[in-house]
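As numbered in numbering that gives the first Met the number 0, residues 0 to 319 make up the sequence shown, in order. Data first, discussion second: the structure below is written as structure tokens.
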Amino acid sequence: MNATAPTPASSETLSGNPALPAPVPGERHDIDSFGGRLTYWSAAPAEPTSEPPLLLIHSVNAAGSAYEVRPIFEHYARSRPVYAIELPGFGHSSRAKRQYTIRMMTDAVHSVVAEIQKVHPDKSIDALALSLGSEFLARAASETPQPFRSLALVAPTGFDKKNQRWTQGSRAIPWLHAFFENPVWSEGIFKLLTMKPVIAWFLKKAFGAPNIDQGMLDYDYLTTHQPGAQHAPYYFVAGYLFSQDILRIYQDLPMPVWFSHGVRGDFVDYTLKTTVEGRPNWTVTVFQTGAMPHFEVPGEFMRAYDEFLGRVTGTGRATL
Numbered sequence: 000m001n002a003t004a005p006t007p008a009s010s011e012t013l014s015g016n017p018a019l020p021a022p023v024p025g026e027r028h029d030i031d032s033f034g035g036r037l038t039y040w041s042a043a044p045a046e047p048t049s050e051p052p053l054l055l056i057h058s059v060n061a062a063g064s065a066y067e068v069r070p071i072f073e074h075y076a077r078s079r080p081v082y083a084i085e086l087p088g089f090g091h092s093s094r095a096k097r098q099y100t101i102r103m104m105t106d107a108v109h110s111v112v113a114e115i116q117k118v119h120p121d122k123s124i125d126a127l128a129l130s131l132g133s134e135f136l137a138r139a140a141s142e143t144p145q146p147f148r149s150l151a152l153v154a155p156t157g158f159d160k161k162n163q164r165w166t167q168g169s170r171a172i173p174w175l176h177a178f179f180e181n182p183v184w185s186e187g188i189f190k191l192l193t194m195k196p197v198i199a200w201f202l203k204k205a206f207g208a209p210n211i212d213q214g215m216l217d218y219d220y221l222t223t224h225q226p227g228a229q230h231a232p233y234y235f236v237a238g239y240l241f242s243q244d245i246l247r248i249y250q251d252l253p254m255p256v257w258f259s260h261g262v263r264g265d266f267v268d269y270t271l272k273t274t275v276e277g278r279p280n281w282t283v284t285v286f287q288t289g290a291m292p293h294f295e296v297p298g299e300f301m302r303a304y305d306e307f308l309g310r311v312t313g314t315g316r317a318t319l
């Protein structure tokens, strides 16, 4: 495992691409995985703590990175060990041209969980994921529930009214992916989609407001201008990373689950959250924000998450 210092955002790589600084203030770790080099970041308080480790998983989009969980990482690193993964194809992890799948993303979660368990062999893990990252976390937790004390799903995908299919597999549209990856225009289209004004437009749709986080905008621009940055996002756009059976996965989760979401922007269809509301191990919190409540109302967000965690026992049972 390698530790690296943050790189100044103003510097450039030898290829002419802007260098990518650390997304969070922590130590960098690189491990080998099925998806190639997998990077995650860690931090912990100076004094030893009995608090269990916290794993953070970013969302998946054209500009996904661990920067999306930065406020949560910074807040909890003062009181407990915190880890933030960068999924295959994103951030500092390998961005090779290859097929990006639900299995690859889920196995990446398993890989980092295994690394955390090496450091904290006697502790269960609290894990939090954003948007589509919630599907990979939920699937990993359904396959090996033992390591997890609790899950937190922030603006999770899969609860929209269109998602009523229960068969296994993805929502892949092969012809759409083939169109985007056509070598004649693949990089050109991605450059257009990741111009700073375009990224700002997408962020405004996510925040549901004109006031977006400037740091996220700047980092999104940097991360989308790395070599190979288009490959994983094109699989995302073509549906390869969305699970058809995720509602079943969600409903079968045995551990305490915190489900939170906002009410503004383009990502507010949670019609099917009724499938988990009222279940004894689920807690639902609604914020008067967009899809990134931890950026808009960090204090309120952390308090709500702390209240949930306060009802979770060390055995992974909740007194809700």
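The beta carbon of each residue, even a glycine, is placed where N, CA and C say it ideally should be. These numbers were taken from a predicted model, which means no experiment stands behind them.
I need the straight-line Cα distance from residue i to residue j, nearest angstrom please.
i: I198; j: M215; result: 10 Å
i: F135; j: K195; result: 28 Å
i: K161; j: H176; result: 21 Å
i: L37; j: M104; result: 11 Å
i: V262; j: N210; result: 15 Å
i: R302; j: S133; result: 20 Å
i: Q287; j: E299; result: 10 Å
i: R238; j: T100; result: In the sequence as displayed, the identity of residue 238 is Gly instead of Arg. Each residue's Cα considered, the two are about 10 Å apart.
i: I44; j: P80; result: Here the sequence assigns Pro to residue 44, which means Ile is not the residue at that position. Distance between the alpha carbons of P44 and P80 is about 7 Å.
i: G35; j: V68; result: 23 Å
i: D212; j: F294; result: 7 Å
i: A113; j: I84; result: 12 Å
i: F189; j: A61; result: 9 Å
i: S49; j: P24; result: 22 Å
i: A231; j: A171; result: 13 Å
Using the DSSP secondary-structure output, state which residues sit across from residue i in a beta bridge.
i: S141; result: BP columns for S141 are empty, so no partner.
i: H119; result: Answer by DSSP bridge pairing: none, since H119 is not bridged.
Does the Cβ-Cβ distance between residue i and residue j come in under 7 Å?
i: G330; j: A228; result: Residue 330 lies beyond the stretch modelled for the chain, which goes from 0 to 319, so this question has no answer here.
i: F33; j: G63; result: no
i: S169; j: F235; result: no
i: F147; j: A140; result: yes
i: P52; j: I124; result: yes
i: A107; j: P120; result: no
i: L54; j: F72; result: no
Going by CA-CA distance only, name the one from the options that's closest to residue i.
i: S149; options: W257, L55 and D29; result: W257
i: L252; options: K96, P297, L152 and L86; result: L152
i: L127; options: Q145, H57, H119 and H74; result: H57
i: D305; options: M291, T284 and A290; result: T284
i: K203; options: T273, S49 and M291; result: M291
i: P297; options: T48, P70 and N60; result: P70
i: D244; options: H91, L86 and R138; result: R138
i: Q250; options: P232, Y269, R27 and E276; result: E276
i: T222; options: E186, R278, Y66 and E73; result: Y66
i: F158; options: R102, L271 and R94; result: L271
Which whole-angstrom value describes the C-beta separation of residue i and residue j, a residue pair presumed to lie in contact below a C-beta threshold of 8 Å?
i: I30; j: S130; result: Not really, about 24 Å apart at Cβ, beyond 8 Å.
i: A76; j: A42; result: 4 Å
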